[in-house]
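Asks:
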Amino acid sequence: MNSKLFGTDGIRSRAGNFPLNAMTVVAIGQAIGESLQGRLLIGHDTRVSSPWILGLLKEGIQRTSSSFEDAGVIPTPGIALLVKTGGFDGGIMISASHNPFEDNGVKVFSANGTKIGDDVENEIEKRIFDLLPSGSRESRDAVPNTLVSAANNTNFPERYVEKLLSVFPPGQWLAGLPILVDCANGAMSEIAPAVLRRLGAEVHVIHASPTGTNINENCGAVHLESLTEAMSRTRAIFGVAFDGDGDRSLFISMNGKKVDGDAVLWLMANVYGVNRVVGTSMTNYALEQMLQKKGWTLVRVDVGDRYIFEEMQRTSEPCIGGEPSGHIIFPDFGLSGDGLLTALKVAETLVKADMSLDALCAVWQPAPHLLKGVRVEKRIPLSELPQVKSKIAEVEEALKGRGRIVVRYSGTEPLLRVMIESDDATRNENYMEQLIAVIHESLR
Numbered sequence: 003m004n005s006k007l008f009g010t011d012g013i014r015s016r017a018g019n020f021p022l023n024a025m026t027v028v029a030i031g032q033a034i035g036e037s038l039q040g041r042l043l044i045g046h047d048t049r050v051s052s053p054w055i056l057g058l059l060k061e062g063i064q065r066t067s068s069s070f071e072d073a074g075v076i077p078t079p080g081i082a083l084l085v086k087t088g089g090f091d092g093g094i095m096i097s098a099s100h101n102p103f104e105d106n107g108v109k110v111f112s113a114n115g116t117k118i119g120d121d122v123e124n125e126i127e128k129r130i131f132d133l134l135p136s137g138s139r140e141s142r143d144a145v146p147n148t149l150v151s152a153a154n155n156t157n158f159p160e161r162y163v164e165k166l167l168s169v170f171p172p173g174q175w176l177a178g179l180p181i182l183v184d185c186a187n188g189a190m191s192e193i194a195p196a197v198l199r200r201l202g203a204e205v206h207v208i209h210a211s212p213t214g215t216n217i218n219e220n221c222g223a224v225h226l227e228s229l230t231e232a233m234s235r236t237r238a239i240f241g242v243a244f245d246g247d248g249d250r251s252l253f254i255s256m257n258g259k260k261v262d263g264d265a266v267l268w269l270m271a272n273v274y275g276v277n278r279v280v281g282t283s284m285t286n287y288a289l290e291q292m293l294q295k296k297g298w299t300l301v302r303v304d305v306g307d308r309y310i311f312e313e314m315q316r317t318s319e320p321c322i323g324g325e326p327s328g329h330i331i332f333p334d335f336g337l338s339g340d341g342l343l344t345a346l347k348v349a350e351t352l353v354k355a356d357m358s359l360d361a362l363c364a365v366w367q368p369a370p371h372l373l374k375g376v377r378v379e380k381r382i383p384l385s386e387l388p389q390v391k392s393k394i395a396e397v398e399e400a401l402k403g404r405g406r407i408v409v410r411y412s413g414t415e416p417l418l419r420v421m422i423e424s425d426d427a428t429r430n431e432n433y434m435e436q437l438i439a440v441i442h443e444s445l446r
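The sequence shown begins at 3 in the working numbering and counts up one residue at a time.
#1: Give the straight-line distance between the Cα atoms of Arg377 and Leu445, rounded to the nearest whole angstrom.
#2: With a floor of 4 residues, list each alpha helix (DSSP H) that falls wholly inside the segment 119–193, ordered by position along the chain.
#3: Hey, could you find the ends of the alpha helix (DSSP H) Val266 is sitting in?
#4: Taking the Cβ atom as the reference point for each residue, do Arg76 and Ser69 lie within a distance shorter than 9 angstroms?
#5: For a quick check, are the C-beta atoms of Thr344 and Thr10 less than 9 angstroms apart?
#6: Assuming Ala194 contacts Thr48 under a Cβ cut-off of 8 angstroms, what Cβ separation, rounded to an integer in Å, is found between them?
#7: Going by Cα to Cα distance, which pick from Leu7, Pro21, Asn155 and Phe170 is closest to Val122?
#8: In angstroms with no decimal places, state the Cα-to-Cα distance between Val409 and Glu325.
#9: Just reading off the beta strand (DSSP E) that Thr299 is part of, what are its end residues?
#10: Where Asp72 and Ser385 are concerned, what is the direct C-alpha to C-alpha distance, given to the nearest angstrom?
#11: With Asp307 as the anchor, note down where its alpha helix (DSSP H) starts and where it stops.
#12: Tell me where the beta strand (DSSP E) around Leu42 begins and ends.
#13: Return the first residue and the last residue of the alpha helix (DSSP H) that Asp12 is part of.
#14: Can you tell me whether DSSP reads Ile217 as helix, strand or coil?
#15: Please work out which residues of its chain come closer than 8 angstroms, Cβ to Cβ, to Asn4, disregarding the five sequence neighbours upstream and downstream, and give them in chain order.
#16: Where does Ala345 fall in DSSP's three states?
#17: Which same chain residues, not among the five before or five after Val207, have their C-beta less than 6 angstroms away from its C-beta?
#18: Please report the distance separating the alpha-carbon of Phe103 from that of Lys295.
#19: To the nearest angstrom, how far is it from the Cα of Thr116 to the Cα of Thr351?
#20: Measuring alpha carbon to alpha carbon, tell me which of Met357, Phe111 and Asn277 ends up nearest Val85.
#21: Where do the ends of the alpha helix (DSSP H) carrying Met256 lie?
#22: Going by Cα to Cα distance, which pick from Lys109, Thr78 and Glu125 is closest to Ala33?
#23: Grab me the residues of Met190's own chain with a C-beta within less than 7 angstroms of its C-beta, minus the 5 sequence neighbours each way, in chain order.
#24: Helix, strand or coil for Leu417? Go by DSSP, reduced to three states.
#25: Please classify Asn106: does DSSP put it in a helix, a strand, or coil?
#26: Excluding the 5 residues flanking Met284 on each side, which residues of the same chain have their C-beta closer than 7 angstroms to its C-beta?
#27: Could you tell me whether the segment 141–149 touches the segment 159–174, using the rule of 3 or more Cβ pairs below 8 angstroms?
#28: Between which two residues does the alpha helix (DSSP H) harbouring Met284 extend?
#29: Relative to the C-alpha of Ile94, which residue among Asn19, Trp175, Pro79 and Lys391 is closest?
#30: If I follow the unbroken alpha helix (DSSP H) through Glu204, where does it start and stop?
#31: Could you tell me the distance, in whole angstroms, from the CA atom of Ile44 to the CA atom of Ile438?
#32: Under 9 angstroms between the Cβ atoms of Trp298 and Val280?
#33: Please return the same chain residues whose Cβ sits closer than 6 angstroms to the Cβ of Leu372, not counting the five positions on each side in sequence.
#34: Have a look at Ile96, Phe240, Arg308 and Leu179 and flag the residue whose alpha-carbon is nearest the alpha-carbon of Asn114.
#35: Identify which residue in Asn218, Tyr287, Ala288 and Leu267 has its Cα closest to the Cα of Arg278.
#36: Would you give the residue range spanned by the beta strand (DSSP E) that Val409 belongs to?
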């Protein structure tokens, strides 16, 4: 029996199915309560299943000596920050981030506001399976159709905002500047527009009316087409799109240019004057080349902002880290990705430089990049797929010195992801077509 529940970013699956069926979620709550042993802070996003999962987690935690406080609907980075600064012994965020509303997940944070490490994950997983009766994997539960909004009558969102704004100048330093915000019908729907208005911005908002079933639906950071189209009808200095739980953000410039996490990393590396940047296996090849030309270093780690943070802690020299998807971790603040913090940092840079986002990112030219996902029924190790392994080696050799290939299983979805980038888009497409054909043949 596969006993691996934690993926790249917590436990995640279709809500109501194992491991997010009722009896397992109760066991997850109990195992977390026993492991973290203390005062916990719990928040959730705007999925229809989030209140149901919250109730089950509470039931499990109540079987332990731990206590909990309910932060309500709040972005994931809000939980991370408030756990660290609020004297909590750990935190839980109920969210599946960028996934469709049918999915959900459980992210667990340690007392210092960072995601728990492998040892704690393994301990919690073992305890969950010890608690579960036979047949738990086959159990399915219908998710109650609970009305969900982004409204929050606790004081936790305001506490998060105050901590966030403490690192920025006081006053309305965005006065009169038009900004377009796509909240993905998620956890940023109330908070992000309110913060930007508080700073004086003229805020135009789209997709900030959660229903429980429209989170990330054709909107937000995973569907930038909506923001791009809306930007063409406004005079905003930039548009920003969050994902469902608000831990990442992507941007559209006045001229309609996409500014992803790699572009933001390049921009912020120059703002902070760091000579060390932490990226992942998915970081664009062009960023590595541009950093090398300045004598700076790109360190690559596995996908996931947890691994970026861990690498950033291994050195005493200032560095910045992030992912193309929009998770950015700043040297003076971040614990994990925070989409609102990133948006404020970008806005502050524009104001200080008195330049447009187009002008600031003019030198950024990403290498042609192709990413595709092949849906899989089970994750067969690549080492057990000799034809796929051979084809990957062939493409790696052909791209040596001019590009890269990355083939990896998604940590959050049943997908085998293939990424190819080089200085030639046509070459990328040809190799992608060849490799996808081999993968389909091998998985048949």
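Glycine residues also receive a C-beta, built at the ideal position from the N, C-alpha and C atoms.
Predicted model, so just to flag it, every value in this text is computed and none were measured.
Replies: Reading from the atomic positions:
#1: Position 375 of the sequence shown holds residue 377. Position 443 of the sequence shown holds residue 445. If you take the alpha carbons of Arg377 and Leu445, they lie about 10 angstroms apart.
#2: 120–133 and 158–167
#3: Looking up residue 266 in the sequence shown gives position 264. Val266 -> alpha helix (DSSP H) spans Gly263 to Tyr274.
#4: What you label residue 76 is simply residue 74 of the sequence shown in a count that begins at 1. What you label residue 69 is simply residue 67 of the sequence shown in a count that begins at 1. The amino acid at residue 76 is misidentified as Arg; the sequence shows Ile. Taking 9 angstroms as the Cβ cut-off, Ile76 and Ser69 do not qualify as a contacting pair.
#5: Here residue 344 refers to the residue found at position 342 of the sequence shown. Here residue 10 refers to the residue found at position 8 of the sequence shown. For Thr344 and Thr10, no; Cβs fall outside 9 angstroms.
#6: In the sequence shown, residue 194 corresponds to position 192, counting from 1. In the sequence shown, residue 48 corresponds to position 46, counting from 1. About 13 angstroms separates the two Cβ atoms, so there is no contact after all.
#7: Counting from one through the sequence shown, the residue named residue 122 turns up at place 120. Of the listed residues, the one whose Cα sits closest to Val122 is Leu7.
#8: Counted from its first residue, the sequence shown places residue 409 at position 407. Counted from its first residue, the sequence shown places residue 325 at position 323. Rounded to whole angstroms, Val409 to Glu325 spans 16 angstroms at the Cα level.
#9: Stepping through the sequence shown from its first residue, residue 299 is reached at position 297. From DSSP, the beta strand (DSSP E) with Thr299 extends over Thr299 to Val303.
#10: As a position in the sequence shown, residue 72 is number 70, starting the count at 1. As a position in the sequence shown, residue 385 is number 383, starting the count at 1. Cα to Cα, Asp72 sits roughly 44 angstroms from Ser385.
#11: Within the sequence shown, residue 307 is the residue found at index 305, counting from 1. Asp307 to Met314 is the extent of the alpha helix (DSSP H) around Asp307.
#12: Here residue 42 corresponds to residue number 40 of the sequence shown, with the count starting at 1. Arg41 to His46 is the extent of the beta strand (DSSP E) around Leu42.
#13: The residue you call residue 12 lines up with position 10 of the sequence shown. In the sequence as displayed, the identity of residue 12 is Gly instead of Asp. Where Gly12 is concerned, there is no enclosing alpha helix (DSSP H), although the beta strand (DSSP E) it sits in stretches over Gly12 to Arg16.
#14: Locating residue 217 in the sequence shown gives position 215, where the first residue counts as 1. In the structure shown, Ile217 sits in coil (DSSP, three-state: anything other than H, G, I, E or B).
#15: Position 2 of the sequence shown, counted from the first residue, corresponds to residue 4. In this prediction, Asn4 has a pLDDT of 48, which is less than 50 and means its spatial position is unreliable; what the coordinates show is noted afterwards. Closer than 8 angstroms at the Cβ level, and outside the excluded window around Asn4, lies no residue.
#16: Along the sequence shown, read from residue 1 onward, the residue named residue 345 stands at position 343. Three-state result, Ala345: helix.
#17: Counting from one through the sequence shown, the residue named residue 207 turns up at place 205. Within the same chain, Val207 has close Cβ partners Val183 and Pro195.
#18: On the sequence shown, position 101 is the one that residue 103 refers to. On the sequence shown, position 293 is the one that residue 295 refers to. For Phe103 and Lys295, the distance between alpha carbons rounds to 43 angstroms.
#19: Translated into the one-based positions of the sequence shown, residue 116 becomes position 114. Translated into the one-based positions of the sequence shown, residue 351 becomes position 349. Each residue's Cα considered, the two are about 27 angstroms apart.
#20: For this step, residue 85 is matched to residue 83 along the sequence shown. Minimum Cα distance to Val85 is reached at Phe111.
#21: Here residue 256 is taken as the residue at index 254 of the sequence shown, counted from 1. Run containing Met256: none; DSSP gives neither H nor E here.
#22: Within the sequence shown, the letter at position 31 stands for residue 33. Considering only alpha carbons, the answer is Glu125.
#23: On the sequence shown, position 188 is the one that residue 190 refers to. Excluding positions up to five away in sequence, the list reads Pro77, Phe244, Gly248, Gly341 and Leu342.
#24: The residue labelled residue 417 in the question sits at position 415 within the sequence shown. In this structure, Leu417 counts as strand in the three-state DSSP scheme.
#25: Looking up residue 106 in the sequence shown gives position 104. Correct three-state label for Asn106: strand.
#26: Numbered from 1 along the sequence shown, position 282 holds the residue referred to as residue 284. Excluding positions up to five away in sequence, the list reads Val305, Glu325, Pro326, Val408 and Met421.
#27: no
#28: For the purposes of this step, residue 284 is identified with residue 282 of the sequence shown, where counting begins at 1. Per DSSP, Met284 belongs to no alpha helix (DSSP H) and is neither H nor E.
#29: By 1-based counting over the sequence shown, the position of residue 94 is 92. Comparing Cα positions, the closest option is Pro79.
#30: Taking the sequence shown and counting its residues from 1, the one referred to as residue 204 is at position 202. Premise fails: Glu204 lies in the beta strand (DSSP E), Glu204 to Ile208, not in any alpha helix (DSSP H).
#31: One-based indexing of the sequence shown puts residue 44 at position 42. One-based indexing of the sequence shown puts residue 438 at position 436. Approximately 41 angstroms between the Cα atoms of the pair.
#32: As a working note, residue 298 is residue 296 in the sequence shown. As a working note, residue 280 is residue 278 in the sequence shown. Going by C-beta atoms, Trp298 is not nearer than 9 angstroms to Val280.
#33: Counting from 1 along the sequence shown, the entry for residue 372 is found at position 370. Ile422, Asn430 and Met434.
#34: For the purposes of this step, residue 114 is taken as the residue at position 112 of the sequence shown. For Asn114, the nearest C-alpha among the options comes from Arg308.
#35: The count along the sequence shown starts at 1 and reaches residue 278 at position 276. Looking at the Cα atoms, Leu267 is the closest of the given residues.
#36: Sequence index remark: in the sequence shown, residue 409 carries index 407 (1-based). Start and end: Gly405 to Tyr411.
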